[in-house]
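Residue numbers (the numbering used here), protein chains in the order written: chain F, 757 to 1091; chain W, 757 to 1091.
Positions of the beta carbon are idealized from the N, C-alpha and C atoms, including for glycine.
Written below as structure tokens is the structure these notes are about.
2 protein chains.
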Amino acid sequence: MAAPKKNGQQTVWFGSQPVIVSSVAIAGKKEGEGPLAETFHKVVDDPYYNEKSWEKAEQYMLEEAMQNAIVKANLKAKDIDFMLAGDLLNQIVSANYTARNVGIPFLGLYGACSTLYEGLAIAGMLIDGDFADYVLVGTASHYSTAERQYRNPVEHGSQKTMTTQRTVTGAGALVLARSGVGPVITHATIGKVVDLGETDVNNMGSAMAPAAVETIIKHLEDTGRQSDYYDAYITGDLGRYGRKLASNMMQKRGLDISEKLEDCGCLIFNEDDQDTHGGGSGCGCAAVVTCGHLLKEVENGNIKRFLGVGTGALMSPLSTQQGETIPGIAHAVVI
Amino acid sequence: MAAPKKNGQQTVWFGSQPVIVSSVAIAGKKEGEGPLAETFHKVVDDPYYNEKSWEKAEQYMLEEAMQNAIVKANLKAKDIDFMLAGDLLNQIVSANYTARNVGIPFLGLYGACSTLYEGLAIAGMLIDGDFADYVLVGTASHYSTAERQYRNPVEHGSQKTMTTQRTVTGAGALVLARSGVGPVITHATIGKVVDLGETDVNNMGSAMAPAAVETIIKHLEDTGRQSDYYDAYITGDLGRYGRKLASNMMQKRGLDISEKLEDCGCLIFNEDDQDTHGGGSGCGCAAVVTCGHLLKEVENGNIKRFLGVGTGALMSPLSTQQGETIPGIAHAVVI
């Protein structure tokens, strides 16, 4: 049962403590050469993954992660009540075709890179609200499909600025259940869209940092918790510049979490020798780091509880061309 | 309180009967010349709506519908717990920028033209699950932005096939509340993605018809109701060809609802003199017909209860180019 949420609060509380009973992280070659290599369940060296296009490879990677998450939970597709998924491609086609092939009642989401956490938050409400016993959540991204759609064709070999982040190739999926063994989720804080006027699409971490800060502060206010309550605050894909900005903004608001603030985009690549500039980004970034590294850290007891903060930049190439700024959003889930 | 949903069912039941306390439909010029003209709350003659691009006009139309739905419900934005929205544009930018300007915690959705019903279904679960008192749901589409993104630039003046449907210019928004006066929603059936191999993007109604049929049949099975239980079955945007196909498919499955099956895409334009070929389509189609005409029919007592079936075609221009077929989805809500 949910606790009544007061007017103005953005945080919901899951009385029944839904459990992450399985998770799968499938990553690309470069991700598999990084510091988190050992935490992925599979590393795919071929960017085409035996398919004819990068887009089909991305879709297949998501489908494999979803199917494996079901198997790992000792379930069949027919046991799952709902599938929640989305991705970065126009019309979230990776998720749509995966839903077709997996055959579970499907709710499509778009939260840009915050999609895994948006899905986890909604899944928590569907289970805690007694509408589902099992919900499958997943998302994926692919370096080459994102470059093609959002930036420049990979074949151009365009020089990138130092703030640019590299879209992670990878897919993450998990099964959230009413009961079982695994890390539990207890709260979710749904973010508002925040836009401080950033217009540089090569510095998206900085565009998303204010949204992450607002969501973390609102979460602590809503729950009445002190900032030292959590072992870690893990943002999705702010990257090196965005993480620093978020840390500074928190300090200005009187909360120093700089020691505890980590970012999936910083964790996934080695800063010194992987040449990924600002770090990782994309739906797959928070997904593979959460479904691989972070949930393992919780299972191993290295992290007792953390606030995962999925971050998303909500522009499109067309809105940027039409002079719009980059709005950001962040959804937080307590794991 | 939700009733426990059995394994394999796709229908959730809202014990608390959430109420649609306000709704707003804003439509474009051609829609305003059609048979439902009197049911729209506003008709906008200028396709640019005083903005510099069609995309900005679409976004502004959605924002106006959302803001007016809040006002009509005698609420302020801070009273609304969540906003659920999506649209057809890449990265759902109309919804994102609307969420930025409205300032309500935001969950972005992508269900193509089924978005209003996807949002209504999730909103029902969030309220019935005790996570929210008020949820704002809305979506929009625009003829010219959809042509530009999905088909041919309007300036080309390309000849259209007779099965082509015309994307509706319009925005619909509604506020779903825990209590109040207005039509209530009692059940939602979440669709699976269905794909029978249709590849003609100029015949999307036929691609979506099988999904609508599956969802209606599953709904009747899950609820144990006979097909004559409802006064009407209203699909989102199958159009003339898709509606006929759906009706035939239902008959083959032993259920004749041909007299009761209507489609928002057929209702919105006059077949004889508006030259819209297969009828209307787009997120805005189901949205303005539901938020205008249908809810008025319920309020006037002309319809006692109907099953609204939002239908979506889940391809993208890129997936079509890469040889994929068109998967369809349908979510049903009892109003």
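| query | result |
| --- | --- |
| Hey, quick one: how far does the alpha helix (DSSP H) through G880 of chain F stretch, first residue to last? | 871 to 884 |
| At least one CB of chain F closer than 8 Å to the CB of K832 of chain W: is that the case? | no |
| By the DSSP assignment, the alpha helix (DSSP H) with G995 of chain F in it spans what residues? | 995 to 1008 |
| With DSSP collapsed to three states, give me the class of T795 of chain W. | helix |
| Round the Cβ separation of L840 of chain W and E811 of chain W to the nearest angstrom and send it over; I've been treating them as touching at under 8 Å. | Not quite, the Cβ-Cβ distance comes to about 21 Å (not below 8 Å), so this is no contact. |
| Should the stretch 773 to 793 of chain W be called in touch with the stretch 848 to 867 of chain W, which here means at least 3 C-beta pairs below 8 Å? | no |
| Report yes or no: do the stretch 913 to 933 of chain W and the stretch 823 to 832 of chain W share at least 3 C-beta pairs separated by less than 8 Å? | yes |
| What are the partner residues of G784 of chain F, as DSSP defines its beta bridges? | F:V800 |
| Helix, strand or coil: how does DSSP classify D984 of chain W here? | helix |
| Please decide whether Q1078 of chain F counts as near chain W, where near means a Cβ-Cβ distance under 8 Å. | yes |
| What whole-angstrom Cβ distance do C1020 of chain W and G998 of chain W have, given they're in contact under 8 Å? | With 8 Å as the limit, C1020 of chain W and G998 of chain W do not qualify as a contact, their Cβ atoms being about 11 Å apart. |
| State the DSSP-derived secondary structure class of M964 of chain F, mapped to helix, strand or coil. | helix |
| Run through DSSP, which three-state label would M757 of chain W get? | Legend: pLDDT at M757 of chain W = 45, less than 50; position of this residue unreliable, no value from coordinates given. |
| Please state the DSSP three-state secondary structure of H1087 of chain W. | strand |
| Check for me: the beta strand (DSSP E) holding M839 of chain W runs from which residue to which? | 838 to 843 |
| I'd like the ranges of any alpha helix (DSSP H) spanning at least 4 consecutive residues and lying wholly in the stretch 917 to 979 of chain F. | 960 to 979 |
| At 8 Å on the CB atoms, spell out the chain F contacts of M881 of chain W, in chain order. | M881, L882, G885, F887 |
| Quick one: grab the DSSP three-state call for S897 of chain F. | strand |
| Could you name the residues of the stretch 853 to 864 of chain F whose beta carbon sits closer than 8 Å to any beta carbon of chain W, in the order they occur along the chain? | Y853, A855, R856, G859, I860, P861, F862, L863, G864 |
| Which stretch, first to last residue, makes up the beta strand (DSSP E) that contains T1032 of chain F? | From DSSP, T1032 of chain F is part of no beta strand (DSSP E); its letter is neither H nor E. |
| To the nearest angstrom, how far is it from the Cα of L882 of chain W to the Cα of G880 of chain F? | 11 Å |
| CA-CA distance, S772 of chain W and T942 of chain W? | 8 Å |
| Here's a check: name, in chain order, each residue in its chain whose Cβ is nearer than 7 Å to the Cβ of L1051 of chain F, leaving out the five neighbours to either side. | I776, S779, P939 |
| Within 10 angstroms of its Cβ, does M918 of chain W collect 16 or more other Cβ (buried), or is it exposed? | exposed |
| Quick one: which chain W residues come within Cβ less than 7 Å of D993 of chain F? | Result: empty, since nearest Cβ-Cβ is about 16 Å, beyond 7 Å. |
| For I946 of chain F, go through chain W and note every residue whose CB falls closer than 9 Å to its CB, in chain order. | D837, F838, P861, F862, L863 |
| Three-state secondary structure (DSSP) at A825 of chain W? | helix |
| For the stretch 790 to 815 of chain F, which residues have a CB atom closer than 8 Å to at least one CB atom of chain W, in sequence order? | K808, S809, E811, K812 |
| Note the first and the last residue of the continuous beta strand (DSSP E) segment covering E1018 of chain W. | 1017 to 1019 |
| Quick check on the burial criterion: 16 or more other C-beta atoms within 10 angstroms. Buried or exposed for P909 of chain W? | exposed |
| With distances taken from CA atoms, which of W:D956, W:Q1007, W:R996, W:S1072 is nearest I973 of chain W? | W:Q1007 |
| Rounded to a whole number of angstroms, what is the C-alpha to C-alpha distance between D835 of chain W and G764 of chain F? | 7 Å |
| Which residues in the same chain have their Cβ closer than 6 Å to the Cβ of D978 of chain F, if we skip the five residues on either side of it in sequence? | Q765, T767 |
| Using alpha carbons as the reference points, say which of W:G842, W:E1080, W:V949, W:V937 lies closest to V1054 of chain W. | W:V937 |
| Could you work out which residues of chain W lie near Q766 of chain F, taking near to mean beta carbons separated by less than 8 Å? | P861 |
| In the DSSP assignment, find the unbroken beta strand (DSSP E) run with G1159 of chain F in it and report its ends. | No statement about residue 1159 of chain F is possible, as the shown extent of chain F runs from 757 to 1091 and does not include it. |
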